[in-house]
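In the working numbering, the protein residues as written are 15 to 601.
Notes follow once the structure below has been shown.
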RNA sequence: GCCGAGAUAGCUCAUUUGGCAGAGCGGCGCACUCGUAAUGCGCAGGUACCGGGUUCGAUUCCCGGUCUCGGCUCCA
């Protein structure tokens, strides 16, 4: 039953890929009609549609897209058939003699027959499969999106082609649903909400990719970090603080100056020594490890730090809080014996999942990355590490995918991707083995048999970075965070200035209990204040007038719009405190 | 970094063959004393991203730079 469902889904996904890929060919044909002399790159189906890469005789702009879209619809209406042919390599070279990119692709293919597809006057080198005829393509279920530059074969030393992206689905309804999701994503965009809710900013005059946390963003961060520290102590971690810069010796020893230099900032000279600002925290933690000798009895060590690192990112990749040049990792290093590693991995995974649960994320998928072509460390250790990673994932019952060859050169890893409220996946947690640094820094412990041995080391970040986490968090909740993380938890609104005194009293009462309450005492109308509080996503609004003053109650409006009258002040306070303490997701 | 688009008041945006810079929101002031999403009136607010060029005259056209956005590549 389940297997059947799976099969059907796979089959449907193959169908949609066929539609998307066929539309890519139709787009190529349309482009050929409108821009003769164009050269073709590749045109695959992708997650939400398709793209095709072209080298145009003269550059085109977004304004050219409607004409291409129109031509595509004309082609579809002609009911053109897709015809597969098999040709020899030599024949293929002849067919594509004016298409250098295709010729390069042909050169890369194995000897034997090569399949090509024809429709209308367009022919493409293609494995297929395609739909039978353009009849199967819905003219209203695709939409050209944007043009963008893309290097030929993703290689920045190769020519840059013009890529046209399109959304495409099996039906118009699916396309429309997807476009609505995109609108929703735009509405939730953390850069927009960050401004509207006064959470953070960046400043071009002061440097791109560097985040300024405003009081309200700062409040969220402080609450989050407070909780993070408590959880780490509860889970057997110790918390470290380490410097922001270190002498070149440190980075030479760690190897960062060899393999990570492109992401590090130029050194500063202090007393004739070069110091680098840190792109990672690990070497500092190792320095602490090496201050004493360690017995196997001391292990495992779980050392965490909210460590702020700086990494050079190319200007074109910066993106709000998601991709920045300075960020704080919720980093930790676990140093343990080989015997302990399996339990330690499982613990980290459990810990991570429990954190995500508290934060209101429950759809989580693991990606297990294996040994890449270039790697350091004993293959046997890689295998053992991989087994313990896999066991941990399976024990937790997490869905997972293999990412073959996707590990770092120094060890395999588990990445967790969390799904947000509108179905997007974000890579956050990372758990990485490191066979490199213990070796380079000559880390040791004394084992039961009295011998010096090298410990295992695992790097892990649960939230990833505080900045990126906050970006995802803002978008997941669209700014309406759980109460415990809300900068303002209660808005106190008198119906008229006559009741300002009672509003102050209520506010002071709540603040005295540790609730972040804010009295809204301006000359504005009550309705304007409610609107303002609502826009600020303040979870609780208490409305105060004569009745409430007489009875020492509050009239409560939630940000969801619901309303409850005549709640005794104490009752309300304990309700809010209860939600805060429980880190409840509801109000 | 590369390809493409953009930058006008604190915010969101108008401003067409190149001729004195505009609105709404927000801010401030005054009036109104109000019961669950915007009370009314008034005032202030600008080196049109920065630098150069063309022109009698540039927010507008050209060149260079910065930053932002969509991608490529990379990644927490």
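C-beta atoms are modelled at their ideal positions from N, C-alpha and C, and glycine is treated no differently.
Proximity below 9 angstroms, CB of residue i to CB of residue j
i: residue 55; j: residue 175; result: yes
i: residue 473; j: residue 380; result: no
i: residue 369; j: residue 242; result: yes
i: residue 225; j: residue 338; result: yes
i: residue 229; j: residue 501; result: yes
i: residue 181; j: residue 39; result: no
i: residue 343; j: residue 315; result: no
i: residue 285; j: residue 161; result: no
i: residue 405; j: residue 360; result: yes
i: residue 103; j: residue 138; result: no
i: residue 554; j: residue 535; result: no
i: residue 154; j: residue 211; result: no
i: residue 455; j: residue 304; result: yes
i: residue 606; j: residue 587; result: Coverage of the chain is limited to positions 15 through 601, which leaves residue 606 absent and any answer about it impossible.
i: residue 253; j: residue 317; result: yes
i: residue 47; j: residue 85; result: yes
Cutoff 7 angstroms; reference residue i; Cβ partners in own chain excluding five residues on either side
i: residue 204; result: 334, 335, 485, 488 and 489
i: residue 441; result: 429 and 431
i: residue 646; result: Since the first residue shown for the chain is 15 and the last is 601, residue 646 is missing from the structure and cannot be characterised.
i: residue 452; result: 468, 469 and 471
i: residue 22; result: For residue 22, the pLDDT reaches just 38, beneath the cut-off of 50, and the residue's location in the model is therefore unreliable, although a value from the coordinates is still provided. Correct list: empty, nothing qualifies.
i: residue 264; result: 297
i: residue 533; result: 506, 517, 518 and 521
i: residue 598; result: 496 and 497
i: residue 89; result: 40, 43, 44, 134 and 148
i: residue 426; result: 383, 384, 385, 396, 399, 400, 403 and 447
i: residue 215; result: 226 and 228
Contacting residues, own chain, Cβ-Cβ under 8 angstroms from residue i (five flanking each side not counted)
i: residue 24; result: Annotation note: pLDDT 42 at residue 24 (below 50); position unreliable, coordinate value reported separately. None.
i: residue 145; result: 32, 33, 36, 96 and 151
i: residue 195; result: 436 and 437
i: residue 552; result: 500, 502, 503, 504, 505, 532 and 573
Rounded straight-line distance, which links the Cα of residue j to that of residue i
i: residue 61; j: residue 208; result: 28 angstroms
i: residue 364; j: residue 569; result: 42 angstroms
i: residue 581; j: residue 356; result: 52 angstroms
i: residue 595; j: residue 239; result: 15 angstroms
i: residue 371; j: residue 477; result: 12 angstroms
i: residue 53; j: residue 377; result: 43 angstroms
i: residue 395; j: residue 471; result: 12 angstroms
i: residue 113; j: residue 193; result: 35 angstroms
i: residue 81; j: residue 218; result: 37 angstroms
i: residue 420; j: residue 44; result: 38 angstroms
i: residue 279; j: residue 164; result: 27 angstroms
i: residue 231; j: residue 237; result: 10 angstroms
i: residue 417; j: residue 383; result: 4 angstroms
i: residue 187; j: residue 63; result: 14 angstroms
i: residue 4; j: residue 183; result: It is not possible to answer for residue 4, since the shown part of the chain is limited to 15 through 601.
i: residue 475; j: residue 444; result: 5 angstroms
i: residue 300; j: residue 466; result: 17 angstroms
i: residue 308; j: residue 591; result: 45 angstroms
Counterpart residues of residue i in DSSP-defined beta bridges
i: residue 417; result: 383
i: residue 606; result: Lying before the first or after the last residue shown, residue 606 is absent from the chain, which here runs from 15 to 601.
i: residue 346; result: 318 and 474
i: residue 425; result: 422
i: residue 441; result: 431
i: residue 333; result: 337
i: residue 394; result: Paired residue(s): none; residue 394 is not in a bridge.
i: residue 181; result: 63 and 157
i: residue 582; result: 567
i: residue 162; result: 177
i: residue 577; result: 571
i: residue 466; result: 460
Residues of its chain near residue i, where Cβ-Cβ distance is below 6 angstroms and the 5 sequence neighbours each way are ignored
i: residue 492; result: 202
i: residue 509; result: 540 and 559
i: residue 59; result: 31, 34 and 35
i: residue 4; result: Examination of residue 4 is not possible in this model, given that the chain is present from 15 through 601 alone.
i: residue 649; result: The question about residue 649 has no answer, for the chain in this structure spans 15 to 601.
i: residue 351; result: 310 and 313
i: residue 566; result: 583
i: residue 16; result: Here residue 16 scores only 33 on pLDDT, less than 50, and its place in the model should not be relied on; the value that follows carries that caveat. If we look at residue 16 and ignore the five residues flanking it on each side, it has no Cβ neighbours.
Legend entry - Segments assigned alpha helix (DSSP H), at least 4 residues, entirely inside the stretch 283 to 315: 296 to 303
Inset, instruction - For the stretch 487 to 556, list the beta strand (DSSP E) runs that are entirely contained and at least 3 residues long, ordered along the chain. - result: 504 to 508 and 531 to 533
Inset, instruction - Mind listing, in chain order, the continuous beta strand (DSSP E) runs of no fewer than 3 residues lying wholly within the stretch 186 to 271? - result: 214 to 217, 221 to 227 and 259 to 261
Legend entry - Complete alpha helix (DSSP H) runs within the stretch 45 to 80 (minimum length 4 residues, chain order): none
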